[in-house]
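Okay, so the sequence shown: first residue is 702 according to the numbering used here, each after it adds one. For every residue, glycine included, the Cβ atom is placed at its ideal position computed from N, Cα and C.
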Amino acid sequence: MFGGSFDPPHVAHVALASAAVAQLQLDALLVIPTGQAWYKERALSAPEHRLAMSQLAFDGLARVQVDPRELQRAGPSFTIDTLEALQVENPGAQLYLIIGKDQFAALKSWHRWEDLLQIAIICIADRTDPTWAEAGFNPKIRLLRPLVHLQLPLMPLSATDIRRQITAGTATPQGLVRLVPEAVARYIERHRLYISP
Ligand code: ATP
């Protein structure tokens, strides 16, 4: 499972998904856009936009599928609920949860985080940015299963920064295609997303 707000999905998300499939030899990777992100203060873009952009970004990748279940569920999206549902649907499967290091740093604030560590192997991608405190990263959580570190180059890129650039008018069409997959760039332009903050 690879969850996120994907508002918008960007090239680091796609690189992370590809690296996870290859390095973990996954049979399937479900990209799951979050419904209501309980941990994010701003309102997310409409579910239909985030779903459409996620499909454009990820659907061409081998063994990767976009799964809309959290967008269709009422109330806050808790990862543990989704993982438990996946466990029931795939008896005997080993579940993996793919997250960036900023999310891992905050894992102890997640709903039922201890249960989450019991049912999925946590796979972490490095992420650097001065605003994401390294100090919060605590690998000493008591773990029943070892953490996995994904090998991929650091990608100093965030959806927040991309939205800001579009709102400020500093993201040219050519610039935008270096930040998000081309089809996503076209979708953003066509639907005039992120023009206002
Ligand atoms: P925002 O800036 O809106 O908070 P984001 O860029 O962090 O968004 P999300 O959709 O929240 O993107 O991220 C989904 C997952 O991808 C999270 O686990 C996050 O840590 C990870 N991720 C996002 N960007 C990167 C990156 N540049 N490098 C590594 N992991 C990333």
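N-terminal and C-terminal residue of the beta strand (DSSP E) that residue i is part of
{"i": "residue 821", "result": "821-826"}
{"i": "residue 734", "result": "730-734"}
{"i": "residue 889", "result": "Not the beta strand (DSSP E): residue 889 falls in the alpha helix (DSSP H), residues 883-891."}
{"i": "residue 796", "result": "796-801"}
Own chain residues within Cβ distance below 6 Å of residue i, not counting five before or after
{"i": "residue 817", "result": "781"}
{"i": "residue 801", "result": "826, 828"}
Simplified DSSP state of residue i, which is helix, strand or coil
{"i": "residue 858", "result": "coil"}
{"i": "residue 711", "result": "coil"}
{"i": "residue 766", "result": "strand"}
{"i": "residue 737", "result": "strand"}
{"i": "residue 805", "result": "helix"}
{"i": "residue 720", "result": "helix"}
Within 8 Å, strictly: CB atoms of residue i and residue j
{"i": "residue 727", "j": "residue 751", "result": "no"}
{"i": "residue 880", "j": "residue 896", "result": "no"}
{"i": "residue 709", "j": "residue 826", "result": "no"}
{"i": "residue 885", "j": "residue 723", "result": "no"}
{"i": "residue 955", "j": "residue 823", "result": "This structure leaves residue 955 out entirely; the chain is present only between 702 and 898."}
{"i": "residue 788", "j": "residue 798", "result": "no"}
{"i": "residue 755", "j": "residue 767", "result": "yes"}
{"i": "residue 894", "j": "residue 746", "result": "yes"}
Cβ distance (whole Å) where residue i is taken to contact residue j below 8 Å
{"i": "residue 716", "j": "residue 853", "result": "6 Å"}
{"i": "residue 771", "j": "residue 793", "result": "Incorrect: roughly 24 Å between the Cβ atoms, too far for contact."}
{"i": "residue 774", "j": "residue 803", "result": "24 Å between Cβ atoms; not a contact."}
{"i": "residue 748", "j": "residue 707", "result": "Contact flag wrong, Cβ pair sits at about 10 Å."}
{"i": "residue 713", "j": "residue 888", "result": "The pair is not a contact, with the Cβ atoms about 18 Å apart (cut-off 8 Å)."}
Residues near residue i in its chain [Cβ-Cβ closer than 7 Å; skip 5 each side]
{"i": "residue 711", "result": "858, 860, 863, 880, 881"}
{"i": "residue 730", "result": "703, 718, 721, 722, 764, 765"}
{"i": "residue 883", "result": "none"}
Contacts around residue i, its chain only, beta-carbon distance under 8 Å, and the 5 residues preceding and following it disregarded
{"i": "residue 786", "result": "770"}
{"i": "residue 872", "result": "863, 866, 880"}
{"i": "residue 784", "result": "702, 796, 798, 817, 820, 821"}
Residue range of the unbroken alpha helix (DSSP H) whose run includes residue i
{"i": "residue 759", "result": "748-759"}
{"i": "residue 876", "result": "874-880"}
{"i": "residue 781", "result": "780-790"}
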